[in-house]
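**Student:** Sharing a structure with you now.
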Amino acid sequence: MSDQQIQPADLTKVRTISVAERQSKVEVDLLAKPLSKGASFSEFWRSLPHILAAKELREVVDAVVQARRNNRPVIVLFGAHVIKVGLSPIVIQLVREG
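See the structure below:
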């Protein structure tokens, strides 16, 4: 820790913008939906947001489904982290079931 005094921030040049008036990158209807107790996996899947990583996950799943419908191979590449965090049984099942 330093003995230096921390100077108060100069807020005279701070510009504020009303949340109600500013443009947002995300709309409320794109956010995840809360699930009820005992929800199915299908309900969970539909509850995921349509933005960022969840959107990308949906795109990957759609591509895999399309490939399988067209009898095309699906090749998965991943690093050791997938195994490290305990997902190897899932990976093995996916390989076995094609």
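Taking the working numbering, I'd label the letters of the sequence shown as residues 1183 to 1280.
Beta carbons: idealized from backbone N, C-alpha and C, even for Gly.
Fair warning: this is a prediction, and the values are worked out from it, not measured in the lab.
Do you know how far the Cα of Val1246 is from the Cα of Arg1254?
**Tutor:** Here residue 1254 refers to the residue found at position 72 when the sequence shown is read from its first residue. Here residue 1246 refers to the residue found at position 64 when the sequence shown is read from its first residue. Taking the straight line joining both Cα atoms gives about 9 Å.
**Student:** Which of the three DSSP states is assigned to Leu1193 in this structure?
**Tutor:** Within the sequence shown, the letter at position 11 stands for residue 1193. If DSSP states are grouped into helix, strand and coil, Leu1193 belongs with coil.
**Student:** Output needed for Ile1233: all residues of its chain with C-beta closer than 7 Å, excluding positions within five of it in sequence on either side, in chain order.
**Tutor:** Within the sequence shown, residue 1233 is the residue found at index 51, counting from 1. Within the same chain, Ile1233 has close Cβ partners Val1208, Leu1212.
**Student:** Between which two residues does the alpha helix (DSSP H) carrying His1263 extend?
**Tutor:** Mapped onto the sequence shown, residue 1263 falls at position 81. Note, His1263: alpha helix (DSSP H), 1263-1266.
**Student:** At which residues does the alpha helix (DSSP H) containing Arg1251 begin and terminate?
**Tutor:** Translated into positions along the sequence shown, residue 1251 becomes position 69. First-last of the alpha helix (DSSP H) with Arg1251: 1234-1251.
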